[in-house]
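Quick notes on the structure that follows.
Numbering (this note's numbering), first residue to last: 1 to 909.
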């Protein structure tokens, strides 16, 4: 009779489980200690990982354990700081990135450094590996890619290199793969399609090349795809919209993507943000995007898009940010400067739309920001802005709109930014506009008339810059901070009425937001204002921290108040040039301790220059040309160490040039011509290395010419017969006369030449002369293109077809066909890209073994319209080749255009 098996008692089983659990916990503890020993930790963040001090590893900083088994489920050590290669300051520069996933980088934080250790893979129950904003380097160990229970890999902002693995079969549970802002290279492998659970894929800010994979439709649970700031090229595949029902955020900005925006994206019904800025995308914005009912942010700026703005976007009822063009480069210069990747981004804005902004868009109920400057929009200025209960920022400047500034803005209570400058607007400005509440109000460069309104008293809504775009545009649209001492003002308010036909007298400045942190700019230059200066414009000075005033080139009279330092003690910038101001220059200017720039040129001022200017320690620009000033130049001006521009030309000043001018180590412009100065030119001026423009012509100077061939040229000292070394007759040359454009421009818009002047100076003439050859070549190409190749633009429902025809000008002994050009560039693969000239990338192509050419791929339609032609001429003018390259041939069709040049090693055109 056999023996019955011994019963297994419950406590035996529990004991076995306990032993296994303790053993696994010890294994986790050893793995953590191994990781600690593999990294450098100067801040001692991991000093608590010490069994002699605390044996419970689950209580160690950054470690999370399961409540039942005590196994390590998470390792979360978030670094930060502004040391190392990738800092929080650099990360913050990418403000238009990471909707839905962006995290805060603490500038005062710490960093771990060293290789990412394979010891992490020994944490077999690990669910989350989160080590962002450290300095971990090297490749991710293969063992980590095989961790079956890992759900989150977050290594954003490190120095991880290498490429992604071909297979991901081990990561069966991975939901988040965040390797943004590292040094990952290579293509996105097809094996990633195996990770069916993936919800967030973030590879932004790396060196990923190739094309966007077509397998993305296999990732049906994908909610966030972030591939911005890489080297991706080719088209955006239609497949990206085939199975995107879960996709909420799509960011592909800052690549080299071409083709059109896929209409299939209209299937992504949960999409909240779509960022495509800074690519080479063409064609029209697909009307299918109007089906995105949850879309909140759409940015298609800095591409080559064309056509009309689809009114179907008015169906996106949650759309709050719409950016159609952007004159600010959103890709920071700090990005990958070591390998030149940042240079591949388009340098300018090249979208060129047709027509106006449909009313279906301007009346969107949630619209906060509508940004479309210099987008070739035309027609009547939009009138209907609906209830505009959410509208905060509108920028339609530098377009071709006609009509009046819409009275529909009168009821927009939250509107604090309105730029409609440099259009063709006429009529009067409504006094019901809430200008006193606006941080930026710019109507400059139009044909507006009537008096500048005394705007109605207004109760202002608080400004809450709640989104990244509101913060970004608010930070960019400010006056140059270098013009203010001590970083003055936390908030800049700019009201620009310049360059119109406004009449009447000066009015009290329309500002309600005052306080000790406000710097205010009131710009009314280039109008037809009359009456006496200053009128009431300084009434609110005492309630501000700094004030900027530009009333230049009007018909103002009167005198500068003798007590100007008491009337406006915080005056920072004053430009009254080109008026009829009389009297003397008050000595009280010296009491304006915040003054940075003052321009009194081209008036009828008399008397001497006050010595008190030498008290202004931050003065950078002092211009008094074209008056009737007499007496000597105060010697104390040489004590203003910050002075950069000094223009005293065209007066009746006498005496000698002060010797202490040689102490002006920051001086870049010194204009003393057309006076009655005598004596010698101080020899020390030849040693002031910062001076780039110097003129003392038509005085009574004598003695030797200081030795400096770059600065002391004969053309800068004409009309001084007693001056040695230069014997050129004044009749054979003319002096470098001041143009009035040395003074700082604070308007934020292009400044026309003063009324009655051509605006061309010697630099402009030289630039035109040097560009003439380029212009001739381009003009010939333009005529040939329009006469032989131009076809009407395809209709809205036509994507066009490529005419596979290459026109050859120079026989190079090798057949040039469309197919072999495209094939030799690897279908315009980024690996063959050698630079970007604004209108598109330039590629190296080996047409036949050992025979290289350069292919410059241009955006279709770039040569349609004056602005596009002008921009291309400017781009060509920046070519750095010593000799013009040979144009071998070109291809042009409705959907593809490229030029073929001879290849110059080192070229980047």
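Glycine included, every Cβ here is placed at the ideal spot set by N, Cα and C.
In the structure shown, the three-state DSSP call for residue 371 is strand. Distance check between residue 217 and each of 240, 226 and 233 places 240 closest, using alpha-carbon atoms only. Put simply, of 571, 608, 322 and 351 the residue whose alpha carbon is nearest the alpha carbon of residue 306 is 351.
In the DSSP assignment, no residue is bridged to residue 42.
With a threshold of 16 other beta carbon atoms within 10 Å, residue 447 falls short and is exposed. The three-state reading of DSSP puts residue 65 in strand, counting E and B together. Residue 529 and residue 408 have their C-alpha atoms roughly 27 Å apart. As a beta-bridge residue in DSSP terms, residue 185 pairs with 163 and 207. Residue pairing of residue 417 in beta bridges, as defined by DSSP: 393 and 440. Rounded to the nearest angstrom, the Cβ distance from residue 58 to residue 70 is 6 Å, consistent with a contact under 8 Å.
Taking the Cα positions, residue 657 is about 29 Å away from residue 563. Residues of the same chain with a CB within less than 8 Å of the CB of residue 390, apart from the 5 flanking positions on each side, are 320, 365, 366, 367, 368 and 414 in chain order. Scanning its chain for C-beta atoms nearer than 7 Å, with the 5 sequence neighbours on each side dropped, one finds around residue 435 the residues 441, 455, 495 and 510, in chain order. Annotated as proximal: residue 253 and residue 228, with beta-carbon spacing under 8 Å. Taking C-alpha positions only, residue 392 is separated from residue 261 by approximately 28 Å. In the three-state reduction of the DSSP assignment, residue 180 falls in the coil class. Here the alpha carbon of residue 78 sits roughly 16 Å from the alpha carbon of residue 32. Residue pairing by DSSP puts residue 607 in a beta bridge opposite 629. Of the residues assessed, residue 555 falls on the exposed side of the cut-off, its CB having fewer than 16 other CB atoms within 10 angstroms. Between the alpha carbons of residue 636 and residue 586 lies a gap of roughly 16 Å.
In the three-state reduction of the DSSP assignment, residue 270 falls in the coil class, being assigned neither a helical nor a strand state. Buried is the label assigned to residue 540, since at least 16 other Cβ atoms lie within 10 Å of its Cβ. Going by beta carbons, residue 180 and residue 226 fall inside the 8 Å limit. Cβ atoms of residue 505 and residue 531 come within 8 Å of each other, at about 3 Å. Secondary structure within the segment 614-700: the beta strand (DSSP E) runs of 3 or more consecutive residues, fully enclosed, are 621-623, 645-647, 669-671 and 693-695 (chain order). DSSP lists 897 as the bridge partner or partners of residue 858. For residue 497, there is no enclosing alpha helix (DSSP H), since its DSSP letter is neither H nor E. Take the alpha-carbon of residue 807 and the one of residue 360: they are about 44 Å apart. Taking each of 577, 610, 614 and 618 in turn and checking the Cα distance to residue 594, the smallest one comes out for 618. Excluding its 5 nearest sequence neighbours in each direction, residue 401 has C-beta neighbours in its own chain below 6 Å: 381 and 423, listed in chain order. Within the same chain, 428 come within 6 Å of residue 450 by CB-CB distance, once the 5 residues on both sides are set aside.
Non-local beta-carbon contacts of residue 215 in its own chain, meaning distances under 8 Å to residues more than five positions away in sequence, involve 190, 192, 193 and 239 in chain order.
Where residue 137 is concerned, the enclosing beta strand (DSSP E) starts and stops at 135-138.
Looking at the DSSP output, residue 833 bridges to 843.
A distance of 8 Å or more separates the beta carbons of residue 701 and residue 664.
Each residue's CA atom was taken as its position, placing residue 545 and residue 634 some 30 Å apart.
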